[in-house]
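**Student:** Mind looking over this structure? Questions follow.
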Amino acid sequence: MTFKAPDSLSEQIAHYLAERIIRGELAPGERIQEQKVTQALNVSRGSVREALLILERRHLVAILPRRGAHVTELDENSVRSLCTLMGEFYILLGNAVAQHWRTEGDLRPFLDIQQRLKQAHAGKDIKAFVGDSFAVMRAAYPFANNPYLQETVENLQPAMSRAYYLALDQRQANMVDYLELFARLLEAVVARDLPRIREVLTAYCQRSCELVLAALARI
Numbered sequence: 001m002t003f004k005a006p007d008s009l010s011e012q013i014a015h016y017l018a019e020r021i022i023r024g025e026l027a028p029g030e031r032i033q034e035q036k037v038t039q040a041l042n043v044s045r046g047s048v049r050e051a052l053l054i055l056e057r058r059h060l061v062a063i064l065p066r067r068g069a070h071v072t073e074l075d076e077n078s079v080r081s082l083c084t085l086m087g088e089f090y091i092l093l094g095n096a097v098a099q100h101w102r103t104e105g106d107l108r109p110f111l112d113i114q115q116r117l118k119q120a121h122a123g124k125d126i127k128a129f130v131g132d133s134f135a136v137m138r139a140a141y142p143f144a145n146n147p148y149l150q151e152t153v154e155n156l157q158p159a160m161s162r163a164y165y166l167a168l169d170q171r172q173a174n175m176v177d178y179l180e181l182f183a184r185l186l187e188a189v190v191a192r193d194l195p196r197i198r199e200v201l202t203a204y205c206q207r208s209c210e211l212v213l214a215a216l217a218r219i
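Just so you know, full-length UniProt numbering puts 113 at position 113 of the sequence shown, and the rest follows in order with no gaps.
Listed below in structure tokens is the structure:
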């Protein structure tokens, strides 16, 4: 991955490190040394320190006194807790879209994402597939119009991406499963069927949780 200095340096450093954690290049429990990151990216130590605080808020890094920053562990409790919570947030967002869409144009972003997911599946591009999977919730934010929900989901999303990437990378999860889920979810949204939205998303999150745990057991 090529590092490029952005307008917001700390955010870009955080993104760079997050991508490495999500892809498993930085392993659970591995220490992230500020000095090494500073030298590798040719940035200030202050910017790296701020980036690590961002990653701590996003649950990818734990910063401990006198021990520094370490990649957070993945265990059964953390995975189940994360999936349960994210499931409720997904339902809130799905309900918001179902209740507030008015024209076919309102649904166009979701149909575009569906096409990109199919293309990523055809190209076996796990990174693009995971990225577009979470683009779905971002397309739903305007319908919810809830900045607190948006901020909370954004902070949890990298941790969920990490778990989802692990399951896909170890072939415990199948991209086709998600494509089928998304098709059922869109049908429920178009029909404004809130109980069906909850049913689809609850089943999906439970299934995702088990697949991630299966992938963890193989490490």
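Idealized CB from N, CA, C, for every residue including glycine.
In this text the structure is predicted, and so the values were computed from the model without any measurement.
(1) Can you check the segment 171–196 for any alpha helix (DSSP H) of at least 4 residues that lies completely inside it and give the ranges in chain order?
(2) Gly68 bridges to which residues according to DSSP?
(3) According to DSSP, is residue 251 part of a helix, a strand, or is it coil?
(4) Assuming Ala167 contacts Ala128 under a Cβ cut-off of 8 Å, what Cβ separation, rounded to an integer in Å, is found between them?
(5) Below 7 Å CB to CB, which residues in the same chain sit around Leu179 once its five sequence neighbours on both sides are set aside?
(6) Note down, in chain order, each residue of its chain lying with its Cβ closer than 8 Å to the Cβ of Leu26, except the 5 sequence neighbours on either side.
(7) Given that a residue counts as buried once 16 or more other Cβ atoms are within 10 Å of its Cβ, and exposed if not, what is Thr2?
(8) Under 8 Å Cβ to Cβ from Gly29, same chain only, skipping five residues before and after it: list those, please.
(9) Taking all protein chains shown into account, do 16 or more other C-beta atoms lie within 10 angstroms of the C-beta of Val61, making it buried, or fewer, making it exposed?
(10) Take Ile13 as the anchor and find which of Glu34, Gly24 and Arg23 has the nearest alpha-carbon.
(11) Helix, strand or coil, according to DSSP, for Arg198 in the structure here?
(12) Going straight from the alpha carbon of Glu11 to that of Ala51, what length do you get?
(13) Distance check for His59 and Ala144, CA to CA, integer angstroms please.
(14) Classify Arg31 as helix, strand or coil using the three-state DSSP reduction.
(15) Should Pro195 go down as buried or exposed, given a rule of 16 or more other Cβ atoms within 10 Å for buried?
(16) Would you say Val130 and Tyr165 are within 8 Å of each other, going by their C-beta atoms?
**Tutor:** Reading it off the structure:
(1) 175–190
(2) Leu64
(3) Residue 251 falls outside the range modelled here, since the chain spans only 1 to 219, and no answer is possible.
(4) The Cβ separation is near 16 Å, so there is no contact.
(5) Once the five neighbours on either side are set aside, the close Cβ partners of Leu179 are Leu117, Lys118 and His121.
(6) Leu17, Arg20, Ile32 and Val71
(7) Confidence at Thr2 is low in this model, with a pLDDT of 49, below 50, so the placement of that residue is unreliable and no value is reported for it.
(8) His70, Val71 and Glu73
(9) When all chains shown are included, Val61 counts as buried.
(10) When each option's Cα is compared against that of Ile13, the closest is Glu34.
(11) helix
(12) 6 Å
(13) Between Ala144 and His59, the C-alpha separation is close to 24 Å.
(14) Strand at Arg31.
(15) exposed
(16) yes
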